[in-house]
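What follows is a single structure, written as structure tokens, with notes after it.
Numbering (my numbering), first residue to last: 156 to 728.
Structure below.
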């Protein structure tokens with residue numbers, strides 16, 4: 156009876172296509188260690204059913220009942236493989252060693268899905284952890300104008316799964332109309348769709364968009380065939396390419412342009428620098444990925460591609476049976492704004508670094524240029540968090556003119572300027588803040604940057620500037636002991652050494668045959684660079700009265716073996 160029940164259960168599982176899924180779940184460790192490309196070539200294998208591109212092949216002859224069944228099977232299989240492999244950490248990459256990495260926690264809307272996180276104090280965008288069946292997207296709060304140039308720079312991390320990686324991530328520009336009222340729907344299909352494309356008719360995709368894909372898995376099966384045209388990737392290293400998301404991207408050819416096949420695995424545990432540039436005059440988007448290559452794509456018509464000249468930018472990603480951690484660390488945002496910070500001390504030249512001492516005049520400068528349109532109704536501001544060791548600026552200038560107090564907001568050490576009355580589209584604003592040290596902690600480095608905001612949302616962050624408080628200098632002060640009348644030295648000159656800012660105090664010494672008379676009035680004070688030498692003056696050691704008294708009584712005490720000298724008309728009784 157028991158055997159019969161088992162046979163019936165197995166028959167049911169086979170009839171509903173669930174048995175292969177359970178078989179995979181029980182033997183996942185063995186399958187993951189198998190040769191990936193052999194599994195891929197088996198068009199009817201369990202991997203073909205369950206990989207990241209496990210969407211069912213589109214067929215116009217399929218009935219609605221069949222479509223419904225396929226969708227149900229797909230959902231069940233995805234649910235079964237959601238859990239990560241044992242002992243695989245979901246967050247393992249740390250930030251690259253680059254001080255120019257910027258905080259991005261104010262840049263993006265709420266992530267779509269649960270896989271995307273902002274970590275490392277806002278400086279690391281993790282699109283998905285190293286888990287199976289992940290899908291996520293995140294979009295900028297603000298749009299960029301494609302009628303103006305922009306440059307985006309970042310570090311790209313595609314995990315360390317090598318030939319077991321999947322599926323990848325995209326950088327995407329989109330004019331999807333749903334962004335205005337329902338942005339949570341602006342996401343593509345999982346698996347082969349990398350969160351941007353549709354893997355068959357009826358599946359989601361990002362509309363009016365152009366993606367740069369960083370694809371770590373070659374989909375070249377019969378049901379998942381989008382990458383068959385990339386014949387050069389015969390080692391499965393992965394590739395970079397331009398793709399236009401559309402209602403069905405699962406075709407044998409015509410899906411990719413500007414393809415660059417990676418010479419080594421894209422998923423190799425390294426951070427790679429990525430530069431993306433838009434040339435508005437040529438309508439050309441260019442990528443340059445370190446260690447992989449560079450390529451460009453011309454957009455024939457902005458309206459046809461994006462539906463607008465204003466687009467949001469962002470990232471999408473996905474994993475399937477194979478997976479990888481996908482992460483980004485940004486150094487320059489893709490905006491139509493250039494913002495540069497520098498600093499000078501006293502009359503020195505401007506630069507990104509400087510050394511400062513107490514009483515120095517410090518000028519912090521922001522060179523800001525904004526291009527693009529649709530700024531008339533926005534509140535434009537620039538802001539800086541001054542180091543607490545600096546005083547609130549005495550003067551704030553824009554293009555050499557004093558900023559009106561109504562346009563200056565000071566909250567703690569944060570200085571925010573309203574640029575509305577000074578802004579001219581396309582012109583360069585030179586913003587200068589003059590300040591000095593309030594507190595001098597030797598060798599401390601003060602790091603600051605400017606932020607450009609539109610309607611209180613961060614659009615662009617300048618480079619960092621670094622002010623180093625100078626190490627305390629030691630100076631020497633000479634102490635002289637002189638006879639007052641002749642200015643002859645009565646004792647050897649003494650040298651005292653101290654650091655600027657330290658206190659000092661000197662006293663006259665005893666000199667045989669002489670008595671102390673006066674000093675240079677600087678025997679006590681604080682060391683400065685220009686602290687003067689100290690002088691003690693003496694007279695010969697005889698009774699000397701600065702004013703003649705009327706009566707002096709020495710009693711019975713002998714005070715000298717020599718007769719007393721009397722000067723003037725004073726009388727001695």
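Just so you know, even glycine gets a beta-carbon here, dropped at the ideal spot from N, CA and C. None of these values were measured; they are calculated from a predicted model.
| Asked | Found |
| --- | --- |
| Contact between the segment 551-569 and the segment 641-655 (3+ Cβ pairs under 8 Å) | no |
| Beta-carbon separation (whole angstroms), residue 505 vs residue 428, contact threshold 8 Å | About 27 Å; that fails the 8 Å criterion. |
| Span separating the alpha-carbon of residue 525 from that of residue 303 | 10 Å |
| Where residue 464 sits in the DSSP three-state scheme | coil |
| Buried or exposed by the 16-neighbour rule on C-beta atoms within 10 Å, applied to residue 731 | The chain is shown only over 156 to 728; residue 731 falls outside these bounds and no answer can be derived. |
| Residue 479 versus residue 487: straight-line alpha-carbon distance, rounded | 25 Å |
| Where the alpha helix (DSSP H) through residue 618 begins and ends | Segment: none, residue 618 is in no alpha helix (DSSP H) and carries neither H nor E. |
| Closest by C-alpha distance to residue 666, when choosing among 695, 654, 673 and 655 | 695 |
| Reduced DSSP category for residue 482 - H, G, I as helix; E, B as strand; rest coil | strand |
| Sequence-distant residues of its chain with Cβ nearer than 6 Å to residue 629 (five each side left out) | 652 and 654 |
| Supposed close pair residue 459, residue 323 - CB separation, criterion 8 Å | Wrong, their Cβ atoms sit about 26 Å apart, outside the cutoff. |
| Burial state of residue 305 (16 or more Cβ within 10 Å) | buried |
| Proximity of residue 521 and residue 617 at Cβ, strictly below 9 Å | yes |
| For residue 548 and residue 590, believed in contact at Cβ under 8 Å, the rounded distance | 5 Å |
| When 587, 307, 662 and 407 are compared against residue 516, the one with the closest alpha-carbon | 587 |
| DSSP bridge partner residues for residue 493 (one or two, in chain order) | 524 |
| Separation of residue 673 from residue 598, as counted between CA atoms | 40 Å |
| CB contact flag (residue 329, residue 364, <9 Å) | yes |
| Contact the segment 311-322 vs the segment 293-302: 3+ CB pairs below 8 Å | no |
| Residue 144 classed as buried or exposed, judged by whether at least 16 other C-beta atoms fall within 10 angstroms | Here the chain comprises residues numbered 156 to 728, so residue 144 is not present and cannot be evaluated. |
| Residue burial classification, residue 393 (beta-carbon count within 10 angstroms, cutoff 16) | buried |
| Beta-carbon spacing of residue 401, residue 442 below 9 Å | no |
| Rounded straight-line distance, which links the Cα of residue 638 to that of residue 648 | 13 Å |
| Distance cut-off 8 Å: residue 257 Cβ against heavy atoms of the ligand ZN | For the structure depicted, the ligand ZN is absent and the ligand set is empty, with no information on it obtainable. |
| Counted within 10 angstroms of its Cβ, other Cβ atoms place residue 340 as buried (16 or more) or exposed | exposed |
| Simplified DSSP state of residue 514, which is helix, strand or coil | coil |
| Enclosing beta strand (DSSP E) for residue 449 [first to last residue] | 448-453 |
| Rounded distance between the beta-carbons of residue 415 and residue 448, thought under 8 Å | 4 Å |
| Proximity below 9 Å, CB of residue 623 to CB of residue 509 | yes |
| Per-residue DSSP class, three states only, for residue 641 | coil |
| Opposing strand residues paired with residue 693 [DSSP bridges] | 638 and 671 |
| Minimum C-alpha distance to residue 297 - residue among 315, 261, 366 and 326 | 261 |
| Close-in-space but distant-in-sequence residues of the same chain around residue 661 (CB under 6 Å, 5 per side omitted) | 634, 678 and 689 |
| Three-state secondary structure (DSSP) of residue 317 | helix |
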